[in-house]
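S.K.: Sequence lines, in order, name chains B and F.
First residue of the first sequence: 315, per my numbering; consecutive thereafter.
First residue of the second sequence: 211, per my numbering; consecutive thereafter.
All C-beta atoms in this analysis are idealised placements derived from N, C-alpha and C, irrespective of residue type, glycine included.
Shown below is the structure under consideration.
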Amino acid sequence: MIFSDYLSLFGAEALLTGLALLIIVLGLFMKNKNLMGCLSLAGLAVSMYLVMAADQTKGAVFYGTMQIDALSQFFKLVFVTVALIVVIAGLSRYKNHPGQDEFYGLLLLATVGMMVVASSMDLISLFIGFELASLATYALAAFDREKQNLEAAMKYFIFGSVSSALMLFGFSLLYGLTGTTLISGIADAGLADMGPVTLIALLFVIAGFGFKMALVPFHMWAPDTYTGAPTLVTAFLAAGSKKMGFVAAFKVVLIALIALRMEWYMAFAILAAITMTLGNLVAVWQNNVKRILAYSSVAYAGYIAIAFVVVGAAAGQIDGFSIAANGLAGGLLLILAHAFMKTGAFVAAAVVAYMALSDGKDNPDDIEHYAGLGHRAPITAFCMLICLFSLSGIPPTAGFVGKFVLFGSAIDAGLVWLAVLAILNSALSLYYYLRIIKYMYVNEPAGGKISEPKGYVLALVVALVGVLGIGFFPQVFVDLAYRAAEVLLL
Amino acid sequence: MVPLVLYVLLASTMFVVGLYGLMTQRNGIKLMMCVEILLNSANINLVAFSAHLPNVDGQVFALFSIALAAAEAGVGFAILILLYRLYGTIELDNINALRW
Numbered sequence: 315m316i317f318s319d320y321l322s323l324f325g326a327e328a329l330l331t332g333l334a335l336l337i338i339v340l341g342l343f344m345k346n347k348n349l350m351g352c353l354s355l356a357g358l359a360v361s362m363y364l365v366m367a368a369d370q371t372k373g374a375v376f377y378g379t380m381q382i383d384a385l386s387q388f389f390k391l392v393f394v395t396v397a398l399i400v401v402i403a404g405l406s407r408y409k410n411h412p413g414q415d416e417f418y419g420l421l422l423l424a425t426v427g428m429m430v431v432a433s434s435m436d437l438i439s440l441f442i443g444f445e446l447a448s449l450a451t452y453a454l455a456a457f458d459r460e461k462q463n464l465e466a467a468m469k470y471f472i473f474g475s476v477s478s479a480l481m482l483f484g485f486s487l488l489y490g491l492t493g494t495t496l497i498s499g500i501a502d503a504g505l506a507d508m509g510p511v512t513l514i515a516l517l518f519v520i521a522g523f524g525f526k527m528a529l530v531p532f533h534m535w536a537p538d539t540y541t542g543a544p545t546l547v548t549a550f551l552a553a554g555s556k557k558m559g560f561v562a563a564f565k566v567v568l569i570a571l572i573a574l575r576m577e578w579y580m581a582f583a584i585l586a587a588i589t590m591t592l593g594n595l596v597a598v599w600q601n602n603v604k605r606i607l608a609y610s611s612v613a614y615a616g617y618i619a620i621a622f623v624v625v626g627a628a629a630g631q632i633d634g635f636s637i638a639a640n641g642l643a644g645g646l647l648l649i650l651a652h653a654f655m656k657t658g659a660f661v662a663a664a665v666v667a668y669m670a671l672s673d674g675k676d677n678p679d680d681i682e683h684y685a686g687l688g689h690r691a692p693i694t695a696f697c698m699l700i701c702l703f704s705l706s707g708i709p710p711t712a713g714f715v716g717k718f719v720l721f722g723s724a725i726d727a728g729l730v731w732l733a734v735l736a737i738l739n740s741a742l743s744l745y746y747y748l749r750i751i752k753y754m755y756v757n758e759p760a761g762g763k764i765s766e767p768k769g770y771v772l773a774l775v776v777a778l779v780g781v782l783g784i785g786f787f788p789q790v791f792v793d794l795a796y797r798a799a800e801v802l803l804l
Numbered sequence: 211m212v213p214l215v216l217y218v219l220l221a222s223t224m225f226v227v228g229l230y231g232l233m234t235q236r237n238g239i240k241l242m243m244c245v246e247i248l249l250n251s252a253n254i255n256l257v258a259f260s261a262h263l264p265n266v267d268g269q270v271f272a273l274f275s276i277a278l279a280a281a282e283a284g285v286g287f288a289i290l291i292l293l294y295r296l297y298g299t300i301e302l303d304n305i306n307a308l309r310w
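Shown next as structure tokens:
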């Protein structure tokens, strides 16, 4: 293949990398930096088109290390969309901010890292993409340089770097056992007959990815970081960075380590069960809305992890392939849905924090500030309402579609206990979502109507369109998710 | 030639040392050092396996991971410097307002 062939496959990554570097260099010379946001917005829109236009029939390129397929493009769309919503909101949040070039540059680089992970078919490129995204988000978490931000960034950094070290150690063992870093090569190496070292490698790999996915007991950093980081960065972390952990784990666990299915299947079942239960139980006691959303995000990691369990349980059953495809498609749909509704909810939280700060209140994320939001900021309140309904899985929203397919497949795979637990958890989660809704629409407003910043409103509308679009036209997205799921299973 | 098992033993020992340090130390810089020890234990593994197999992929991986570790240290120290400016300390026990 020649250079232009590669460019047509990886044009989106090339464009975003070039744009990020350009923005950082331009930022050194330009006085008025408000242009940067528009540049990144345009770049992300074009790369969204390039992602959709990329040829999915080429197979693995670059000596088998990168691949364009339905799965990689599905995840790239999720990442680009999340980055797009965050950039739109950033147009208001960081208008006239002296460091906005760095904000957009880092955001784009993090997006590129995630996209590289989504395409990787090799442990080396997977690790590099993972680190690129992590390093950029460590810096973003400290972006506003307030005490809270720095504490959040410090915790995120320590846990994140430990998790990449664990992951690297696991990868080194896998390489030593199989003699290759290619994911397909590891899958063909016959790991099942190699004795207990494979279990140690599996443990390290699951722990490394578990930190990024925020599965209990590797979740301790997530609530603190999500609460302390700037709200837009939190949206990016919860909706983008976490999904990168999932795509990496899908590739390594479901393709490379499929021979150890019996070993990881129970581990993921237990992790999923405790993650969703603990996330929801702790969220009930919180008064800080960002923290409620952070714990709900932990709970969601538990729901999505059910996809692993379904794949593990389905193998060996009579119609195992269709059950496994169902489970994975459900997990992917939930990932897509979670990306839209979490970004929407966090952007709405950013509007409320902005409002509370302009009222001169401290502790801007407290649930008290949501009192009467329906009167004070009607658009924000409505979008928050839909996102919260979607998070709790009420039809016709995106969250319902994802949960329906995923939990249904769990029942088909014979995991009735897990499905029942997940549904009970969804019911429990309704309590704390309704509590926010009660504050927004029932309680007396604490002040007059405010004018909602345009960037935030636009970002909220995009998220809302996504949530309702998936809810009203599920078939399009279910098909997409199925095609992506089949890549992992064939 | 040194047998492979000694290298893996060295790497595992370093890994445990790094993990022990992470659990017991609370100074930001010491934590950074522990993370570096963890990463380097994996690098030793990679290079030892690569020489033993023999297959050059592991050494390529180790080179990339050394470069990434350097970048990671850069970001980490930047965060630590900002922490020191705001709090006047990098003892992380004193920096724990976000809880529960």
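Given that B:Arg459 touches chain F, what residues does it touch there, using C-beta distances under 7 Å?
M.R.: The answer, in chain order, is Leu292.
S.K.: Can you check which of these residues, B:Gly419, B:Phe485, B:Val400, is closest to B:Leu333 by C-alpha distance?
M.R.: When only C-alpha atoms are compared, the closest one is B:Gly419.
S.K.: Rounded C-beta distance between B:Ala455 and B:Val547? I'm assuming under 8 Å.
M.R.: The Cβ separation is near 6 Å, so the contact holds.
S.K.: By DSSP's criteria, B:Ser434 is part of a beta bridge. Which residues make up the other side?
M.R.: In DSSP, B:Ser434 forms a bridge with B:Met380.
S.K.: Considering only the alpha carbon of each residue, which of F:Leu232, F:Ser275, F:Gln235 lies closest to F:Ile254?
M.R.: Closest option to F:Ile254, Cα to Cα, is F:Ser275.
S.K.: Please list, in chain order, the chain F residues whose beta carbon lies closer than 7 Å to that of B:Asp538.
M.R.: Residues of chain F passing the Cβ test: Leu308.
S.K.: One question on the structure: do B:Leu529 and B:Leu592 come within less than 8 Å of each other, judged by their Cβ atoms?
M.R.: Contact: no.
S.K.: Taking the alpha-carbon positions, what's the B:Val566 to B:Ile497 distance?
M.R.: Rounded to the nearest angstrom, the two C-alpha atoms are 7 Å apart.
S.K.: Confirm the yes/no value for this check: CB of B:Phe343, any heavy atom of the ligand NAD, distance under 7 Å.
M.R.: Questions concerning the ligand NAD fall outside what the structure shown contains, since it holds no ligand whatsoever.
S.K.: Along the region 231-258 of chain F, where does the CB come closer than 7 Å to a CB of chain B? Name the residues.
M.R.: Here the close residues are Leu232, Leu241, Val245, Leu248, Leu249, Ser251, Ala252, Asn255, Leu256.
S.K.: Where do the ends of the alpha helix (DSSP H) carrying B:Met698 lie?
M.R.: Where B:Met698 is concerned, the enclosing alpha helix (DSSP H) stretches over 692-706.
S.K.: Quick check on B:Thr548 - is its C-beta less than 8 Å from some C-beta in chain F?
M.R.: No - not a single Cβ of chain F is within 8 Å of the one on B:Thr548.
S.K.: For B:Phe560 and B:Gln381, I'd like the C-alpha separation in whole angstroms.
M.R.: C-alpha separation (whole angstroms): 17 Å.
S.K.: Hey, how far is the Cα of F:Leu219 from the Cα of F:Thr299?
M.R.: Rounded to whole angstroms, F:Leu219 to F:Thr299 spans 37 Å at the Cα level.
S.K.: Listing by chain order, which chain F residues have their CB less than 8 Å from the CB of B:Val476?
M.R.: Here the neighbours are Leu232, Val245, Leu248.
S.K.: Quick one: any contact between the region 766-775 of chain B and the region 353-365 of chain B, if contact means 3 or more CB pairs under 8 Å?
M.R.: No, because fewer than three Cβ pairs between the region 766-775 of chain B and the region 353-365 of chain B fall closer than 8 Å, the two stretches do not touch.
S.K.: Measuring straight from C-alpha to C-alpha, what distance separates B:Ala447 and B:Val598?
M.R.: Answer to the nearest angstrom: the Cα atoms are 31 Å apart.
S.K.: Quickly, what does DSSP pair F:Glu301 with across the bridge? List them, please.
M.R.: The partner list for F:Glu301 (beta bridge, DSSP) reads F:Asn237.
S.K.: Using the Cα positions of B:Gly722 and F:Ala272, report the straight-line distance between them to the nearest angstrom.
M.R.: Their Cα atoms are separated by approximately 44 Å.
S.K.: In chain order, what residues of the same chain have a beta carbon less than 6 Å from the beta carbon of F:Asn250, not counting five sequence neighbours either side?
M.R.: No residues qualify anywhere along the chain.
S.K.: What separation, rounded to the nearest whole angstrom, lies between the Cα atoms of B:Arg749 and B:Arg690?
M.R.: Rounded to the nearest angstrom, the two C-alpha atoms are 18 Å apart.
S.K.: Looking only at its own chain, which residues have a Cβ that is under 8 Å from the Cβ of B:Ser636, when we skip the five neighbours before and after it?
M.R.: Once the five neighbours on either side are set aside, B:Ser636 has no close Cβ partner at all.
S.K.: Does any residue of chain F bring its CB to less than 8 Å from the CB of B:Ala691?
M.R.: Cβ-Cβ to chain F under 8 Å: no for B:Ala691.
S.K.: If you draw a straight line from the alpha carbon of B:Gly504 to that of B:Ala619, how long is it in whole angstroms?
M.R.: Taking the straight line from one Cα to the other gives about 25 Å.
S.K.: Quick one: is B:Ala359 buried, meaning 16 or more other Cβ sit within 10 Å of its Cβ, or exposed?
M.R.: Under this definition B:Ala359 is an exposed residue.
S.K.: By a C-beta neighbour count over all protein chains shown, 10 Å radius and 16 as the cutoff for buried, is F:Phe287 buried or exposed?
M.R.: Exposed is the call here.
S.K.: Run through chain B and tell me which residues come within less than 7 Å of F:Leu263, C-beta to C-beta.
M.R.: Here the neighbours are Gly493.
S.K.: Please say whether B:Ala773 and B:Ile337 have beta carbons closer to each other than 8 Å?
M.R.: The answer is no: Cβ separation not under 8 Å.
S.K.: Rounded to the nearest angstrom, how far is the Cβ of B:Met344 from that of B:Val431, given a contact under 8 Å?
M.R.: With a Cβ gap of about 32 Å, B:Met344 and B:Val431 do not count as contacting.
S.K.: Closest Cβ-Cβ distance between F:Leu302 and chain B: below 8 Å?
M.R.: So yes, F:Leu302 belongs to the interface.
S.K.: Are any of the Cβ atoms in chain B nearer than 8 Å to that of F:Gly298?
M.R.: Chain B, which has no Cβ nearer than 8 Å to the Cβ of F:Gly298, makes this no.
S.K.: For F:Cys244, count neighbouring Cβ atoms within 10 angstroms of its own Cβ and tell me buried if that reaches 16, exposed if not.
M.R.: By the neighbour-count rule (16 or more Cβ atoms within 10 Å), F:Cys244 is buried.
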